[in-house]
Amino acid sequence: MRIIDTVKLAGLFLVIAVACAWMDGGIGNIIHLIKRLYVYHGLPKTSFYVLTYLAAVAGLVSLYASRSTALRYCSYLISFLSISLFLSYKNINGYGYTFHDAKTALSNLFFAGEALQTFYPHCLWPVIIAFSFILAVETAHNTFLPRISPVFALAAVLSIFPVYVINERTLGDISQFPIMYEVPILTYTAFSDAPPRVERSDPFFDTSGQALAKHIIFVIDESIRGDMLSINGYDIETTPFLESVSKNIRNFGIASSCTNCSSTTNIILETGVGIDQLPDVDYETLKQPNLFQYAKRAGYQTFFLDGPNSWGRPRDYMGESDIEFIDSYRCVRKEYSGIENCCIDYKMIEMVDEIINSHESSFIYMIKYGCHFCYENDYPHECKRFTPTISDVNDIDLQSVLNSYYNAVLWSVDGFFERLLPVFQDKDVLVLYTSDHGQSIEEYRTLPATHCVGGDAPRSQAAVPFMFFPMNERVTAALDERMAGTFAHNYGRISHFHIFPTLLAIMGYPAEKISNYYGASIFDELPEERLFITGTLYGRGSFQKNKF
313 MRIIDTVKLA
323 GLFLVIAVAC
333 AWMDGGIGNI
343 IHLIKRLYVY
353 HGLPKTSFYV
363 LTYLAAVAGL
373 VSLYASRSTA
383 LRYCSYLISF
393 LSISLFLSYK
403 NINGYGYTFH
413 DAKTALSNLF
423 FAGEALQTFY
433 PHCLWPVIIA
443 FSFILAVETA
453 HNTFLPRISP
463 VFALAAVLSI
473 FPVYVINERT
483 LGDISQFPIM
493 YEVPILTYTA
503 FSDAPPRVER
513 SDPFFDTSGQ
523 ALAKHIIFVI
533 DESIRGDMLS
543 INGYDIETTP
553 FLESVSKNIR
563 NFGIASSCTN
573 CSSTTNIILE
583 TGVGIDQLPD
593 VDYETLKQPN
603 LFQYAKRAGY
613 QTFFLDGPNS
623 WGRPRDYMGE
633 SDIEFIDSYR
643 CVRKEYSGIE
653 NCCIDYKMIE
663 MVDEIINSHE
673 SSFIYMIKYG
683 CHFCYENDYP
693 HECKRFTPTI
703 SDVNDIDLQS
713 VLNSYYNAVL
723 WSVDGFFERL
733 LPVFQDKDVL
743 VLYTSDHGQS
753 IEEYRTLPAT
763 HCVGGDAPRS
773 QAAVPFMFFP
783 MNERVTAALD
793 ERMAGTFAHN
803 YGRISHFHIF
813 PTLLAIMGYP
823 AEKISNYYGA
833 SIFDELPEER
843 LFITGTLYGR
853 GSFQKNKF
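This note's numbering applies: residue 313 is where the sequence shown begins, and numbers increase by one.
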C-alpha cells in the first residue's frame, strides 16, 4: 500500500475516533474512564480496554474503506441505526443508551409505537446527524479514500469479541466504545442476560383469620402522578368525581413507588421483596412465593388482567411457571385486537364485573393502560377539557403537555372510577389502587424521559397515589377497625414496599408472621423516610437507591 493511502486511512481512523468520542459524551469522558480503570484495575485491564477501543475504530475503517459494496452498505445501515438510536436516547434521557435502557426497551416493545409518537421530535436531529455521517464517509470513499480488500473486514469481526466480553463482564458499566459497536452489543447483552428460571417457594405461612373482603381488586395504574390528583390537593381539578365521593375513600395521599419503571415495580409488588433485599443479586423476586400463591392458599380464585400487554404471555420478569398460580390470565389488547388505548381500562371493568358475578371469592391483579405516553392517545378527544393540548399547537410547550396529561388523568383515573364504583356498590369488594410509577413532566425540555431514568431520577418519577375503595358497609367497618389509630399517622408515608404485606393482612394472614417475613403493612405505624430504586433490579448494570 502506498504511503499516501496509509496516511488517508490514518486520517479516516482519526476522524472516526473523534466523531465517536464526541457522540458518546466527548473525549474527556473516555479519558476519565481510562483513569478510573487504571486506578481501580491496573495497567493490564486498562491497556486491554484501550487496545479494544482502537481495534474497534480500525474495524470501522476496514469496513468504510472496503471495495466490497455489500460490506460497506451493511456497515452503513448498522452505523445509521446505532447512531440514530444512541443520540435519540441521549436527547431523551440525557446520557444515552445503556444496559438499563436496553433491558427496559426489550421488556416494553409493545410500547414502541407510543414511544416513537411521543419522542419523535427528539429523534430528528440524531437521524440527520447519522445520515450526514454516513454521507460524509461514502463521499470520502468515492473521492479520495483507497479501496481496500474485503479481507481486512476481519478486523471488524474480530474486534466484536473483546467489545462483547467487556460489556458482558461489566453489563454495560464499561460500554464506551464506538457507538456502531456499543448499541448492538449492549442490546444483545441485555437480551441474553435472562434471569434464571427457578421454582417458587410455597407460601411461608397459612391464614389465621377472616379476610376483610370476599373479592380483592388490586389496580395498578400506569404513569399516574399522585401529586397531580386534585383529591390530593393539586390546584387543577383532575379528579372531581373522586373528590365528590372522598368520604367513601380511604386515601393515603402521595405514596412512593418502589421503582420508577413498570417492569421492576410489578415484580416487586407481586413478590414482596423488601428494599433491604435490593439489588436482588440472589434473585429472590424469582424464588419467593408471589401474591397469587398466597391468594390461592387463602381460598381465592386468582385473575391477572393485563391492559398494555399485547403478547398474550407473562411480562415483567414473570416466568411461564407463574401462570400455574393464576386461574385466568388475560391480555386485553390481544383478546380485543384493535381496541383503542383509551378504551382498554373501561373494557377491564366489564371483565372484573363478570369475574365477581361468577365466583364466590376472587383476587384480581389488574394492570391498567392508564396515562402512558403519548398522553393524547389516552382519552377520547371529544372528552377534552383542558386546552390547548399537544395536538392543538405547532410548538409543544409545557402547558400543552400538562393539559394533555390532565385530560388523560381525568378520563383514565377519575372517569374510570366513576364507571367502576357503581358496578360494585354494596358488594363484598375491596379495591386497592396505586400506580406503577410517576412521571417527569415539568422537566420535559431538559429531561424528556418521563420515567425509567437509570441514574438520579426526579422525585416526580416515584410520586404515585394509594387509596382503598371499600364497597359495602361490612368491608368499610372491617377496614376502619384495622386502621384505627394508624390511618392519620400513615397518611403521606405509604411506600409500595408496604403493599404486599398489606394485601396478605387483608387476605387473613397473621400480622406477626407478615411482619417477620415482609416488614410493615399500612396497619402498622410507618416511618417517615421512603426510598425508591432506579436502574436494573438484579444489580447487573446501574443501580441506585434514592430518597423520596
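For glycine and all other residues, C-beta sits at the position ideal for the given N, C-alpha and C.
Grab me the residues of residue i's own chain with a C-beta within less than 7 Å of its C-beta, minus the 5 sequence neighbours each way, in chain order.
i, result
"His-671", "Gln-613"
"Leu-843", "Ile-587, Lys-857, Asn-858, Lys-859 and Phe-860"
"Asn-784", "Asp-738, Lys-739 and Asp-740"
"Phe-698", "Asn-715, Tyr-718 and Asn-719"
"Leu-397", "Tyr-409 and Val-495"
"Glu-555", "Ser-542 and Ile-543"
"Lys-599", "Val-510, Arg-512 and Ser-513"
"His-684", "Phe-423, Glu-426, Glu-534, Ser-535, Pro-620 and Asp-690"
"Asp-485", "Gly-853"
"Leu-349", "Lys-357, Thr-358 and Tyr-361"
"Arg-771", "Phe-860"
"Ile-548", "Ser-542 and Tyr-718"
"Asn-415", "A small fix is needed here, since residue 415 is Lys in this sequence, not Asn. Correct list, in chain order: Ala-502 and Thr-848."
Can you find the residues in the same chain that come closer than 8 Å, C-beta to C-beta, to residue i, ignoring five residues on each side of it along the sequence?
i, result
"Pro-433", "Ile-708"
"Ile-346", "Thr-358, Tyr-361 and Val-362"
"Asp-657", "Gly-619, Lys-680, Tyr-681, Gly-682, Ser-724 and Phe-728"
"Leu-742", "Leu-524, Ala-525, His-527, Ile-528, Ile-529, Phe-780, Phe-781, Pro-782, Met-783, Val-787, Leu-791 and Ile-818"
"Met-660", "Leu-617, Gly-619, Val-644, Met-678 and Lys-680"
"Ser-633", "Arg-509, Glu-511 and Arg-512"
"Val-299", "Any property of residue 299 remains undetermined from this structure, which presents the chain solely from 313 to 860."
Leaving out five residues before and five after residue i in sequence, what residues of the same chain have Cβ atoms less than 6 Å from its Cβ?
i, result
"Leu-483", "Phe-411, Arg-852 and Gly-853"
"Thr-576", "Leu-849"
"Gly-565", "Asn-544, Tyr-803 and Gly-804"
"Arg-609", "Pro-515"
"Tyr-376", "Val-449"
"Tyr-493", "Ala-368 and Val-475"
Bridge partners for residue i per DSSP, in chain order?
i, result
"Gln-856", "Thr-846"
"Val-741", "His-527"
"Asp-533", "Ser-747"
"Thr-571", "Ile-845"
"Tyr-361", "According to DSSP, which records beta bridges pairwise, Tyr-361 is partnered with nothing at all."
"Arg-562", "Phe-780"
"Ile-276", "Since the displayed the chain opens at 313 and closes at 860, residue 276 lies outside it and no answer follows."
"Ser-674", "His-527 and Gln-613"
"Ile-679", "Ile-532 and Asp-618"
Rounded C-beta distance between residue i and residue j? I'm assuming under 8 Å.
i, j, result
"Gly-445", "Ala-367", "Strictly speaking, residue 445 in this sequence is Phe, with Gly absent from that position. Not a contact, Cβ separation roughly 20 Å."
"Val-475", "Ile-497", "6 Å"
"Cys-686", "Thr-430", "4 Å"
"Leu-603", "His-808", "That belief does not hold up - the Cβ atoms of Leu-603 and His-808 are roughly 13 Å apart, past 8 Å."
"Ser-374", "Ala-468", "5 Å"
"Ala-452", "Leu-324", "7 Å"
"Thr-551", "Val-735", "About 19 Å separates the two Cβ atoms, so there is no contact after all."
"Pro-458", "Asp-317", "4 Å"
"Asp-413", "Gly-767", "Not really, about 11 Å apart at Cβ, beyond 8 Å."
"Ser-400", "Cys-435", "4 Å"
"Pro-692", "Cys-654", "6 Å"
"Thr-746", "Ile-676", "Actually they are not in contact, since the Cβ atoms of Thr-746 and Ile-676 sit about 14 Å apart, beyond 8 Å."
"Leu-372", "Ile-328", "5 Å"
"Leu-428", "Ala-502", "Contact doesn't hold; Cβ gap of about 19 Å is too wide."
"Ile-308", "Tyr-629", "Outside the modelled stretch of the chain, which goes from 313 to 860, sits residue 308, for which no answer is possible."
"Ile-342", "Gln-488", "6 Å"
"Leu-722", "Tyr-756", "At roughly 20 Å, the Cβ-Cβ gap does not stay under 8 Å, so Leu-722 and Tyr-756 are not in contact."
Original post:
Which residue spans inside the segment 594–645 form an unbroken alpha helix (DSSP H) run of at least 4?
Top reply: Taking 4 residues as the shortest admissible run, the segment 594–645 contains the following complete alpha helix (DSSP H) segments, listed from N- to C-terminal end: 596–599 and 603–609.
Original post:
Given 8 Å as the limit, is there contact between the segment 451–468 and the segment 365–385, that is, 3 or more CB pairs closer than that?
Top reply: Yes, the segment 451–468 is in contact with the segment 365–385.
Original post:
Do the segment 765–784 and the segment 497–513 meet, that is, are 3 or more Cβ pairs less than 8 Å apart?
Top reply: No contact exists between the segment 765–784 and the segment 497–513.
**OP:** Please specify which runs of the beta strand (DSSP E), each continuous and at least 3 residues long, are wholly inside the segment 763–844, giving them in chain order.
**Re:** Along the segment 763–844, the beta strand (DSSP E) occurs as fully enclosed runs of 3 or more residues at 775–782, listed in sequence order.
Original post:
Any chance the segment 599–615 sits against the segment 660–678, with 3 or more Cβ pairs inside 8 Å?
Top reply: Yes, since at least three Cβ pairs between the segment 599–615 and the segment 660–678 fall closer than 8 Å, the two stretches touch.
Original post:
Using 8 Å as the Cβ pair cut-off and three pairs as the minimum, do the segment 564–576 and the segment 711–718 touch?
Top reply: The segment 564–576, when compared against the segment 711–718, does not touch it at the 8 Å Cβ threshold.
**OP:** Could you tell me whether the segment 638–650 touches the segment 577–593, where touching means 3 or more Cβ pairs closer than 8 Å?
**Re:** No: the two stretches stay apart, fewer than three of their Cβ pairs being nearer than 8 Å.
Original post:
Are there three or more Cβ pairs, one per stretch, closer than 8 Å when the segment 544–564 is compared with the segment 724–734?
Top reply: Contact between the segment 544–564 and the segment 724–734 is present: 3 or more CB-CB pairs across the two stretches fall below 8 Å.
Subject >> Any 3 or more C-beta pairs closer than 8 Å across the segment 522–538 and the segment 815–831 >> reply: Contact holds: three or more Cβ-Cβ distances are below 8 Å.
**OP:** Count the C-beta pairs between the segment 824–831 and the segment 528–535 that are closer than 8 Å, then say yes if the count reaches three, no if not.
**Re:** Two segments are said to touch when three or more pairs of C-beta atoms, one from each, lie closer than 8 Å; by this definition the segment 824–831 does not touch the segment 528–535.
Original post:
Taking only runs of the alpha helix (DSSP H) that begin and end inside the segment 317–344, which ones reach a length of at least 4 residues, in chain order?
Top reply: Restricted to the segment 317–344, not a single alpha helix (DSSP H) segment is unbroken, complete and at least 4 residues in length.
**OP:** Evaluate contact between the segment 744–757 and the segment 534–541, counting only Cβ atoms and requiring at least three cross-stretch pairs below 8 Å.
**Re:** Under the Cβ criterion (8 Å, minimum of three pairs), the segment 744–757 counts as touching the segment 534–541.
Original post:
Considering only residues of the segment 385–455, which uninterrupted alpha helix (DSSP H) runs meet the minimum length of 4 residues and lie entirely inside it, listed in chain order?
Top reply: Those alpha helix (DSSP H) runs which fall completely within the segment 385–455 and span 4+ residues are 411–419, 424–431 and 436–455.
**OP:** List in chain order: all unbroken alpha helix (DSSP H) runs of 4+ residues lying wholly within the segment 461–495.
**Re:** The segment 461–495 contains these whole alpha helix (DSSP H) runs: 466–482.
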